[in-house]
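Participant: Per our numbering, the very first residue in the sequence shown carries number 36; after that it's consecutive. This is the structure I want to talk about, given as structure tokens.
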Amino acid sequence: VIYFTYGYESPIEEKDFKKLLKQNKNVLVLCSPNDQSAKPILQVFKQVEPEIKGRGLLVHINCDKGKKLCKKFKFDTNTLELRHFQDGDFHKVYDRALTAKSMINFMLDPSGEMPWDEEELAQNVLHLNQAKDLEQALKKPLPLLVMFYAPWCGHCKRLKPIYAEAATDVRGKYILAGMNVDKVENYRIRRQFNITGFPTIIYFEKGEEKFHYSGGHTKDDIINWLKNPQPPKEQTDEETVTEFFPIDNDNSSYIVHLDDATFDAFITENAQSPILTMFYAP
Numbered sequence: 036v037i038y039f040t041y042g043y044e045s046p047i048e049e050k051d052f053k054k055l056l057k058q059n060k061n062v063l064v065l066c067s068p069n070d071q072s073a074k075p076i077l078q079v080f081k082q083v084e085p086e087i088k089g090r091g092l093l094v095h096i097n098c099d100k101g102k103k104l105c106k107k108f109k110f111d112t113n114t115l116e117l118r119h120f121q122d123g124d125f126h127k128v129y130d131r132a133l134t135a136k137s138m139i140n141f142m143l144d145p146s147g148e149m150p151w152d153e154e155e156l157a158q159n160v161l162h163l164n165q166a167k168d169l170e171q172a173l174k175k176p177l178p179l180l181v182m183f184y185a186p187w188c189g190h191c192k193r194l195k196p197i198y199a200e201a202a203t204d205v206r207g208k209y210i211l212a213g214m215n216v217d218k219v220e221n222y223r224i225r226r227q228f229n230i231t232g233f234p235t236i237i238y239f240e241k242g243e244e245k246f247h248y249s250g251g252h253t254k255d256d257i258i259n260w261l262k263n264p265q266p267p268k269e270q271t272d273e274e275t276v277t278e279f280f281p282i283d284n285d286n287s288s289y290i291v292h293l294d295d296a297t298f299d300a301f302i303t304e305n306a307q308s309p310i311l312t313m314f315y316a317p
């Protein structure tokens with residue numbers, strides 16, 4: 036017996052499980068020894084379901100009632116297990132936190148990397164999800180260094196662990212923050228600070244923008260620069276102070292991925308700019 040959550044729970048036949056996986060490209064399956072052991076995660080499912088409706092499916096299999104199915108798919112019948120299926124095939128074991136936020140992030144982008152704010156080593160970085168978070172951070176009394184980044188940016192990926200180590204070492208003296216400005220809702224911030232390359236790192240004091248970071252690429256470089264922040268040296272025409280590293284050559288920063296929820300807002304917000312739109316099927 037299978038119970039799937041999509042606003043409700045309903046039993047379906049075991050023979051329909053493969054059909055369900057083929058018809059739904061994005062499925063997260065919870066296998067449990069019994070209903071009682073699954074209750075905590077099912078509570079999370081109920082919070083996640085409305086946020087992914089139409090984009091993913093959450094399934095619960097009670098292996099006590101569906102022994103044959105669990106055996107066939109080699110589910111562990113003695114413990115809780117979360118498996119993700121993509122395009123009808125097994126994709127991976129769910130390895131994120133068992134929270135609604137983490138599960139929503141995963142289901143909306145199951146092939147993407149773990150968001151920076153979920154990484155254990157980045158707990159001392161102040162993660163700014165939206166404009167109001169940045170506004171609140173600017174009100175804090177400590178000096179603030181903000182790394183504006185895009186998840187796909189290779190330079191950002193290399194810098195993140197170094198930046199997180201520096202954040203841990205200067206905790207209580209400085210605030211090191213990170214903000215994903217590749218999200219459509221954060222494009223206003225991108226324009227406000229003239230961010231044209233990633234990562235762009237800006238230093239603030241008492242709520243005011245002071246300098247663009249111009250130090251080196253190591254933890255000690257960051258910490259030493261914070262002790263004596265300086266404006267960047269005069270740049271040549273071929274250089275820009277808005278980027279910590281040269282911009283990626285693939286011009287990915289100029290590509291925006293839109294969906295039904297973000298298309299209208301983005302077009303309206305950028306009505307004065309030329310936009311070339313490609314509509315496609317995956």
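For every residue, glycine included, the Cβ atom is placed at its ideal position computed from N, Cα and C.
Could you name each continuous beta strand (DSSP E) segment of 3 residues or more that falls completely within the segment 205-280, going from the start of the chain to the end?
Facilitator: 210-215, 235-240 and 243-247
Participant: If you draw a straight line from the alpha carbon of TRP260 to that of ASP299, how long is it in whole angstroms?
Facilitator: 42 Å
Participant: Thinking C-beta only, is SER137 closer than 9 Å to HIS95?
Facilitator: no
Participant: Answer with buried or exposed for ASP122, where buried requires no fewer than 16 other C-beta atoms within 10 angstroms of its C-beta.
Facilitator: exposed
Participant: Going by C-alpha to C-alpha distance, which of PRO75, LYS107, PRO85 and LEU115 sits closest to VAL64?
Facilitator: Comparing Cα positions, the closest option is LEU115.
Participant: Could you tell me the alpha carbon to alpha carbon distance between TYR238 and ASN140, rounded to whole angstroms?
Facilitator: 29 Å
Participant: Taking the C-alpha atoms as reference points, what is the distance between PRO75 and CYS105?
Facilitator: 20 Å
Participant: GLN158 to ASP51, Cα distance in whole Å?
Facilitator: 43 Å
Participant: Taking the runs of the alpha helix (DSSP H) that are 4 residues or longer, which of them lie wholly in the segment 125-156?
Facilitator: List check, alpha helix (DSSP H) in window: 135-143.
Participant: Which residue marks the beginning of the beta strand (DSSP E) containing ILE96, and which one marks its end?
Facilitator: Run containing ILE96: 92-97, per the beta strand (DSSP E) assignment.
Participant: Where THR312 and ASP217 are concerned, what is the direct C-alpha to C-alpha distance, given to the nearest angstrom?
Facilitator: Rounded to whole angstroms, the gap between the alpha carbons of THR312 and ASP217 is 17 Å.
Participant: CA-CA distance, ASN221 and GLN171?
Facilitator: 15 Å
Participant: With respect to the alpha helix (DSSP H) encompassing VAL83, which residues constitute its N-terminal and C-terminal limits?
Facilitator: Taken as a continuous stretch (DSSP letters only), the alpha helix (DSSP H) holding VAL83 covers 70-87.
Participant: Any idea which residues DSSP pairs GLN118 with across the strands?
Facilitator: The question names Gln, but residue 118 in the sequence shown is Arg. Answer is VAL64 and VAL128, bridged to ARG118.
Participant: Consult DSSP for PHE323 and reduce its assignment to one of helix, strand or coil.
Facilitator: Coverage of the chain is limited to positions 36 through 317, which leaves residue 323 absent and any answer about it impossible.
Participant: Between PHE233 and ALA166, is the Cβ-Cβ spacing less than 9 Å?
Facilitator: no
Participant: Exposed or buried, which one is GLU84 when buried takes at least 16 other CB atoms within 10 Å?
Facilitator: buried
Participant: CA-CA distance, HIS119 and LYS109?
Facilitator: 14 Å
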